[in-house]
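Structure record follows, encoded as structure tokens.
In this note's numbering, the protein residues as written are 171 to 446.
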């Protein structure tokens, strides 16, 4: 029979497997960090650049990059001595693009924005010269703005619409106005192409659009763009609430908040922030 000391000695070291797993996880995290840095470098990156940005020794970076290269996630350009994204990284990214759902991806950010501001959050897309709401997170206030998924709003008289129009070429904006006109919905609706052009210029300058009782009396909204991987508008994210809660100064603050949330949705969607 073994003594207690012999039995204890026969057991594997308690920390061995845990240490091994910890080291494997650390290597994986470092490798993924390097892959992310390579993907951010449009012209590729040198070993020194990647090591410095990742905070790793060159020998460690080279070992991890070599493993990624063997698996096809990065490749090394011998002539320029730079590391570039490999074909398997592209295949993995393409699979994400095929299966991503913007509404589902945006939902957690929309809920967080609603909790942060206390106002209703909407997601809308452009469809044949109009905006269509595809998702909504209602606030908990007794007075709140409601827009059922599938509801349509004119682009010239909504924050989501003006955000999307601001990213379009003038000819495309003109075509939409020619097709749908600019009906005056409330006393504050922008009803002339010249006034709308000035408004869109302000949207480009601020980075967000506002609807100041232009679509519904007593309702104010702020909206910002969600961009796709090509730097093109994918949707518009908006905050909306009654005039009694949204003063002019608060509307500007909500514009900044929805702009930040839209950038987070863009990142989660795999998009690249475009420019007006």
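Beta carbons are placed, not taken as given, at the ideal position from N, Cα and C, and that holds for glycine.
Here the structure is a predicted model, which is why all the values come from computation and not from measurement.
Within the region 209-281, the complete beta strand (DSSP E) segments of 3 residues or longer fall at 244-247, 252-255, listed in chain order. Beta-bridge partners of residue 411 (DSSP): 390. The Cβ atoms of residue 291 and residue 332 do not sit closer than 8 Å to each other. Under the three-pair Cβ rule at 8 Å, the region 276-291 does not count as touching the region 241-260.
Note: residue 300 is bridge-paired with 297, 324 in the DSSP secondary-structure output.
Where residue 365 is concerned, there is no enclosing beta strand (DSSP E), although the alpha helix (DSSP H) around it starts and stops at 363-376. Looking from the CA of residue 322, the closest CA among 295, 343, 348, 366 belongs to 295. In this structure, the CA atom of residue 408 is about 44 Å from the CA atom of residue 247. With fewer than 16 other CB atoms across the displayed protein chains lying within 10 angstroms of its CB, residue 318 is exposed. According to the DSSP assignment, residue 437 belongs to the alpha helix (DSSP H) that extends over 418-439.
DSSP places residue 305 in the strand class (E or B) of the three-state scheme. Here residue 441 is not near residue 392, since their CB atoms are 8 Å or more apart. Under DSSP, residue 400 forms no beta bridge with any residue.
Residue pairing for residue 379: DSSP places it in a beta bridge opposite 393. The three-state secondary structure of residue 348, taken from DSSP, is helix.
When DSSP states are grouped into helix, strand and coil, residue 337 belongs to the coil group. Across the structure, residue 390 and residue 413 are spaced so that their CA atoms are roughly 6 Å apart. For the pair residue 422 and residue 406, the CB atoms are not nearer than the 8 Å cut-off. Residue 291 is bridged by DSSP to 307, 409. As the crow flies, the alpha-carbon of residue 309 is around 49 Å from that of residue 230. In this structure, the straight-line span from the alpha carbon of residue 251 to that of residue 273 is close to 41 Å. The C-beta of residue 443 has fewer than 16 other C-beta atoms within 10 Å across all chains shown, which makes the residue exposed.
Around residue 301, the same chain offers 294, 295, 322, 323, 324, 325, 328, 330, 331, 334, 406 as residues with beta carbons nearer than 8 Å, after the five sequence neighbours per side are excluded. Note on residue 346: 16 or more other CB atoms within 10 angstroms of its CB, so buried under the neighbour-count rule. For residue 285, the secondary structure class from DSSP, reduced to helix, strand or coil, is helix. Beyond the five residues adjoining it in sequence on each side, residue 377 comes within less than 7 Å, by CB distance, of 394, 429 in the same chain, given in chain order.
A check of alpha carbon separations from residue 199 across 218, 235, 213, 219 identifies 235 as the nearest. Residues of the same chain with a CB within less than 6 Å of the CB of residue 349, apart from the 5 flanking positions on each side, are 299 in chain order.
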